[in-house]
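4 is the number of the first residue of the sequence shown in the numbering used here; add one for each residue after it.
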Amino acid sequence: MKLTQEQIATFQEEGYLFLPNVFTAEEMALLAGEMPGMFAQERPEVIREKDSKSPRSAFYVQTWNPVYEMVARHPRLVEPGMQLLGSDKLYMHQFKINAKAAFDGAVWQWHQDYATWFNDDDMPAPNAMNIALFLAEANEFNGPLMFIPKSHRLGRLEAKHDVTTTSYPLWTMDNETIARLVNEGGIVAPKGPPGSILLFHGNLVHASGCNLTPWSRWILYLSLNRCDNAIRRFKRPAWIANRDFTPIDMLPDDCLVEYARKRRSAA
Ligand code: SIN
Ligand code: MN
């Protein structure tokens, strides 16, 4: 799927681009159907919230679930990344589903992803980005992602390693800086149905609140990096910061529909 020049310009200007309904209801039913079974698994890649047994994230899912193996190579997700990062040689730095579980989903503190990629993984430059796919509706109540528009233009900002607030260590920003940035740029929280995608720059400042609603806010994140920008420190487990820099080989656009059709006829 190719982005238009106008969409590329919006991304460059704002630091993010929201595209509703990129995947069909049929494709999303296939993806959502895998979720309870994956989150129920006891394995290192499935991490729980700090104060409950609710799943927080499932990492590296493309290596242990055949449906997500296809999603990780889907042209509607990978091709826009190639355009925005200016290279057709991208690898998957990180691949995770954040559960933000009904009633239990905890916060993600204010941060820039490149701060963590730089400080933990020694990624040379901010030539990596996130493509988020909504696996469930994100609405104003269930802890949608919040962005400070245009904050990516400030480059990498100072951050501290927070290992206590949640079960996932993160390089986060202080309240004073966030207050100043919000005063200048405001906050947006793109919301929409499952199948929507949200592309955002590695230096865009973002966060999300907790989820007090009965609606889990499942979001899948592909963190794509240019192969010529591969990480140089292998401190985090490979299922959090991938060390296989093989370029992603895209699948046909109808791969999920075909898979669902074959599964139905085999049943
Ligand atoms: C992240 O910033 O990596 C996750 C934020 C969220 O899922 O709310
Ligand atoms: Mn992030």
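C-beta: ideal position from N, C-alpha, C; glycine also.
### Query
In chain order, which continuous runs of the beta strand (DSSP E) of length 3 or greater are located wholly inside the region 52-134?
58-62, 93-101 and 111-114
### Task
Verify whether the separation of the beta carbon atoms of I251 and V25 is less than 8 Å.
Not closer than 8 Å, so no.
### Message
My assumption, with CB atoms under 8 Å, is that A244 sits in contact with D124. Please give the rounded CB distance.
### Response
5 Å
### Query
Quick one: what's Y224 bridged to in DSSP?
Paired residues: K99 and A135.
### Task
Give a yes or no on contact between the region 203-216 and the region 138-157, applying the rule of three or more CB pairs nearer than 8 Å.
yes
### Task
Spatial neighbours of R271 within its chain, please: CB distance less than 8 Å, with the 5 preceding and 5 following residues excluded, ordered by chain position.
Here the chain comprises residues numbered 4 to 270, so residue 271 is not present and cannot be evaluated.
#### Entry: Closest residue to E37 among T175, A241, I50 and W67 (Cα-Cα distance)
W67
### Query
Could you name the residues, in chain order, whose CB is less than 6 Å away from a heavy atom belonging to ligand 2?
Put simply, the residues with a CB less than 6 Å from any heavy atom of ligand 2 are H114, D116 and H209, in chain order.
### Message
For the alpha helix (DSSP H) containing S211, name the first residue and the last one.
### Response
Careful: S211 lies outside any alpha helix (DSSP H), inside the beta strand (DSSP E) at H209 to S211.
### Message
Considering only their Cβ atoms, is the gap separating G205 from Y117 smaller than 8 Å?
### Response
yes
### Query
Can N228 be considered in contact with ligand 1, in the sense that its beta carbon sits closer than 7 Å to one or more heavy atoms?
no
#### Entry: Beta-carbon proximity of L225 to Q115, cut-off 8 Å
Taking 8 Å as the Cβ cut-off, L225 and Q115 do not qualify as a contacting pair.
### Query
Can you list, in chain order, the residues of its chain whose CB lies under 6 Å from that of S57, leaving out five sequence neighbours each side?
A104 and D107
### Task
In angstroms with no decimal places, state the Cα-to-Cα distance between K194 and W113.
18 Å
#### Entry: Cβ-based neighbour list, R79, same chain, cut-off 6 Å, excluding 5 preceding and 5 following
M4 and V25
### Query
Can N24 be considered in contact with ligand 1, in the sense that its beta carbon sits closer than 7 Å to one or more heavy atoms?
no
### Query
Given a threshold of 16 other Cβ atoms within 10 Å of its Cβ, counted over all protein chains shown, does K99 qualify as buried or as exposed?
buried
### Query
In the DSSP assignment, what residue or residues form a beta bridge with M149?
A210
### Query
Which two residues bound the contiguous alpha helix (DSSP H) that contains I181?
N178 to G188
### Message
Taking 7 Å as the cut-off, is the C-beta of I222 nearer than that to any heavy atom in ligand 3?
### Response
This structure lacks ligand 3; the ligands present are ligand 1 and ligand 2.
### Query
Going by Cα to Cα distance, which pick from S211, C258, R266 and T167 is closest to M73?
C258
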